[in-house]
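Numbering-wise, the sequence shown is residues 1 to 366 according to the UniProt record's numbering.
What follows is a short report on a single structure.
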Amino acid sequence: MTFEAKREAGKWLVLVESEIIRGHWQVPDSGEVLLPAYGQGWIAERKLAPRTRQGYEYLFSLHIDPHLGRTALGAIQPATIRAWRRRLLDAGTPEPQAVKAYALLRAILSTAVREDEIIRQNPCRIPGYDRYHTPERPTATVAQVFALADAMPPRFRALIVVAALCGLRWGELAALRRCDLDLAAGIVRVARKLAILNGRIEFRPPKSAAGVRVVALPVAAVDALTGHLDEFADDGPEALVFTGNKGQVLRSSSFGRATRWRETVARLGLGDFHFHDLRHTGNTLAASSGASTRELMHRMGHATMRAALIYQHATSERDREIAAAMDRRIAKGADPAAAKKPKGKGAGKKAGKGKRGKADRPGSSG
């Protein structure tokens with residue numbers, strides 16, 4: 001940097017000294033670093049799970065680099081961010097993807113501010129850009145769960161029952177082995193999950209300690225698994241419980257084709273019902289069967305920090321009681337005629353106590 005007059009140099013020096021005192025001084029031209037090089041380096045240097053890294057690379061290459069790839073970090077302003085987000089949404093990018101891309105860019109630029117001191121402020125500070133409205137997903141009634149299970153090819157019937165009654169995630173179900181089941185005790189141990197990265201199949205531990213858990217099985221799930229293991233699972237403790245038509249590792253895409261999922265749920269009147277909604281159904285069913293929030297978080301394996309601190313000590317004995325209560329609810333939902341049978345003396349009084357009796361009706365969402 002050169003100056004035509006000594007006085008100009010002196011003014012610049014005073015300005016620099018004041019910025020140094022306030023902690024605002026930056027190396028000249030440091031803000032000229034281009035976003036692609038910095039962002040890609042940020043992703044490469046971070047300690048991330050392989051799937052998380054892949055997700056970040058995807059977001060950056062698809063939603064950030066094409067729009068801001070020639071932009072220097074110092075040139076990115078809040079107005080730049082607003083225009084970028086508008087272009088994403090106008091191009092048909094789903095809002096959840098736009099929010100994830102914004103969160104990634106904010107994290108990258110936060111490092112540029114706090115650690116590398118390349119820019120003074122993070123331009124990703126626009127209220128509301130880090131969240132989106134998520135419509136509540138549907139749940140199925142007990143009767144609908146069993147109707148859906150019965151509509152599946154026999155190989156996948158038990159998968160539907162266990163997903164809905166035990167609340168396991170897809171990856172957890174696909175990774176289950178015979179040794180993870182103790183049907184005599186009525187429990188399933190969740191110790192790993194299936195992950196597919198760049199087409200490569202891996203089995204790895206759950207993302208958090210909360211995901212490693214033992215879940216009590218309702219009797220209906222035990223019955224479904226007993227017949228399933230005899231007919232569809234290989235022998236040996238390491239044999240997978242749920243597999244594809246040829247005994248291969250079960251992928252969600254092949255499952256969808258084999259079951260004609262969309263057509264099947266539409267035919268049953270379940271509309272836009274996703275497989276993951278079975279987990280939501282199990283959550284709702286357990287809650288309406290009397291599970292406390294703490295017990296519910298244990299059963300579902302929720303992994304938030306708050307959940308890990310508050311709900312990690314749920315007892316297995318109480319979990320069995322929850323499973324038993326679910327069995328009673330399942331029996332009523334699967335046999336509507338049973339709910340219409342005359343009750344003994346005093347039974348009506350017991351059922352009429354507040355909201356608990358109402359929650360036990362077949363099909364109630366709780």
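Glycine included, every Cβ here is placed at the ideal spot set by N, Cα and C.
These figures come from a predicted structure and were not determined experimentally.
*Where do the N-terminal and C-terminal ends of the alpha helix (DSSP H) with residue 103 fall, by residue?*
Counted from its first residue, the sequence shown places residue 103 at position 103. Its alpha helix (DSSP H) spans residues 95-114.
_Would you call the region 56-70 in contact with the region 206-226, where contact means no fewer than 3 C-beta pairs closer than 8 Å?_
no
*Where residue 218 and residue 50 are concerned, what is the direct C-alpha to C-alpha distance, given to the nearest angstrom?*
On the sequence shown, position 218 is the one that residue 218 refers to. On the sequence shown, position 50 is the one that residue 50 refers to. Cα to Cα, residue 218 sits roughly 35 Å from residue 50.
*Residue(s) in a DSSP beta bridge with residue 203*: The count along the sequence shown starts at 1 and reaches residue 203 at position 203. 194, per the DSSP bridge assignment.
*asked:* One question on the structure: do residue 171 and residue 193 come within less than 9 Å of each other, judged by their Cβ atoms?
replied: Looking up residue 171 in the sequence shown gives position 171. Looking up residue 193 in the sequence shown gives position 193. In this structure, residue 193 lies closer than 9 Å to residue 171 by Cβ.
*For residue 237, which three-state DSSP category applies?*
Residue numbering aside, residue 237 sits at position 237 when the sequence shown is read from its first letter. The answer is coil: DSSP assigns residue 237 none of H, G, I, E or B.
*For residue 225, which three-state DSSP category applies?*
What you label residue 225 is simply residue 225 of the sequence shown in a count that begins at 1. Note: residue 225 maps to helix in three-state DSSP.
*For residue 242, which of 96, 156, 107, 329 has the nearest alpha-carbon?*
Looking up residue 242 in the sequence shown gives position 242. Nearest C-alpha to residue 242: 156.
*Can you check DSSP and say which residues form a bridge with residue 189?*
Counted from its first residue, the sequence shown places residue 189 at position 189. According to DSSP, which records beta bridges pairwise, residue 189 is partnered with 214.
*asked:* Quick check: the Cα distance between residue 48 and residue 176, rounded to an integer number of angstroms?
replied: Counting from one through the sequence shown, the residue named residue 48 turns up at place 48. Counting from one through the sequence shown, the residue named residue 176 turns up at place 176. C-alpha separation (whole angstroms): 25 Å.
*residue 116 to residue 74, Cα distance in whole Å?*
Counting from one through the sequence shown, the residue named residue 116 turns up at place 116. Counting from one through the sequence shown, the residue named residue 74 turns up at place 74. Cα-Cα distance, rounded: 13 Å.
*Provide the residue(s) that pair with residue 243 in DSSP beta bridges, ordered along the chain.*
By 1-based counting over the sequence shown, the position of residue 243 is 243. DSSP lists 249 as partners of residue 243.
*Do residue 229 and residue 178 come within 9 Å of each other at the CB atom, strictly closer than that value?*
Taking the sequence shown and counting its residues from 1, one reaches residue 178 at position 178. Taking the sequence shown and counting its residues from 1, one reaches residue 229 at position 229. Closer than 9 Å, so yes.
*Which class does residue 137 belong to by DSSP, given the choice of helix, strand or coil?*
One-based indexing of the sequence shown puts residue 137 at position 137. Here residue 137 sits in coil by DSSP.
*Note the first and the last residue of the continuous alpha helix (DSSP H) segment covering residue 77.*
Within the sequence shown, numbered from 1, the residue matching residue 77 stands at position 77. No alpha helix (DSSP H) contains residue 77, which DSSP labels as neither H nor E.
*Assuming residue 329 contacts residue 142 under a Cβ cut-off of 8 Å, what Cβ separation, rounded to an integer in Å, is found between them?*
If you number the sequence shown from 1, residue 329 lands on position 329. If you number the sequence shown from 1, residue 142 lands on position 142. 6 Å between Cβ atoms; contact.
*Could you tell me the boundaries of the alpha helix (DSSP H) in which residue 33 lies?*
Stepping through the sequence shown from its first residue, residue 33 is reached at position 33. Where residue 33 is concerned, there is no enclosing alpha helix (DSSP H), given that its DSSP letter is neither H nor E.
*Assuming residue 56 contacts residue 85 under a Cβ cut-off of 8 Å, what Cβ separation, rounded to an integer in Å, is found between them?*
Mapped onto the sequence shown, residue 56 falls at position 56. Mapped onto the sequence shown, residue 85 falls at position 85. Not confirmed; about 18 Å, so no contact.
*Under the assumption that residue 173 contacts residue 225 (Cβ atoms under 8 Å), give the Cβ distance between them as a whole number of angstroms.*
Position 173 of the sequence shown, counting from 1, holds the residue named residue 173. Position 225 of the sequence shown, counting from 1, holds the residue named residue 225. Incorrect: roughly 11 Å between the Cβ atoms, too far for contact.
*Return helix, strand or coil for residue 91, following the three-state DSSP convention.*
Locating residue 91 in the sequence shown gives position 91, counting from the first residue. Here residue 91 sits in coil by DSSP.
_By alpha-carbon positions, which one of 283, 222, 186, 32 ends up nearest to residue 120?_
Stepping through the sequence shown from its first residue, residue 120 is reached at position 120. Of the listed residues, the one whose Cα sits closest to residue 120 is 32.
*asked:* So, with DSSP's three-state summary, where would you put residue 151?
replied: Within the sequence shown, residue 151 is the residue found at index 151, counting from 1. Helix, per DSSP.
*Are the beta-carbon atoms of residue 35 and residue 101 separated by less than 9 Å?*
For the purposes of this step, residue 35 is taken as the residue at position 35 of the sequence shown. For the purposes of this step, residue 101 is taken as the residue at position 101 of the sequence shown. Cβ distance not < 9 Å, so residue 35 and residue 101 don't count as in contact.
*asked:* Which residue marks the beginning of the alpha helix (DSSP H) containing residue 169, and which one marks its end?
replied: Counted from its first residue, the sequence shown places residue 169 at position 169. It is not in any alpha helix (DSSP H) - residue 169 carries neither H nor E in the DSSP assignment.
*Since residue 50 is in the alpha helix (DSSP H), which residue starts that stretch and which ends it?*
As a first step, residue 50 is located in the sequence shown; it is residue number 50 there, counting from the start. Per DSSP, residue 50 belongs to the alpha helix (DSSP H) from 50-59.
_Distance between residue 191 and residue 205 (C-alpha atoms, nearest Å)_ = The residue given as residue 205 occupies position 205 in the sequence shown. The residue given as residue 191 occupies position 191 in the sequence shown. Using only the alpha carbons, I get a separation of about 6 Å.
*Sort out for me which residues DSSP pairs residue 181 with in a bridge.*
Position 181 of the sequence shown, counting from 1, holds the residue named residue 181. Answer is 188, bridged to residue 181.
*Can you list, in chain order, the residues of its chain whose CB lies under 6 Å from that of residue 238, leaving out five sequence neighbours each side?*
Working through the sequence shown from its first residue, we reach residue 238 at position 238. Excluding sequence neighbours, residue 238 sits near 177.
*asked:* Please state the DSSP three-state secondary structure of residue 383.
replied: Here the chain has residues from 1 to 366 only, and residue 383 is not among them.
*How is the alpha helix (DSSP H) around residue 263 delimited, first residue to last?*
By 1-based counting over the sequence shown, the position of residue 263 is 263. Start and end: 261-267.
*Output the boundary residues of the alpha helix (DSSP H) element that contains residue 67.*
Here residue 67 corresponds to residue number 67 of the sequence shown, with the count starting at 1. Run containing residue 67: 65-68, per the alpha helix (DSSP H) assignment.
_Coil, strand or helix - residue 325 by DSSP_ = Taking the sequence shown and counting its residues from 1, one reaches residue 325 at position 325. Helix.
*Should residue 301 go down as buried or exposed, given a rule of 16 or more other Cβ atoms within 10 Å for buried?*
Translated into positions along the sequence shown, residue 301 becomes position 301. Label assigned to residue 301: buried.
_Euclidean distance between Cα positions of residue 202 and residue 195_ = Here residue 202 refers to the residue found at position 202 of the sequence shown. Here residue 195 refers to the residue found at position 195 of the sequence shown. Answer to the nearest angstrom: the Cα atoms are 5 Å apart.
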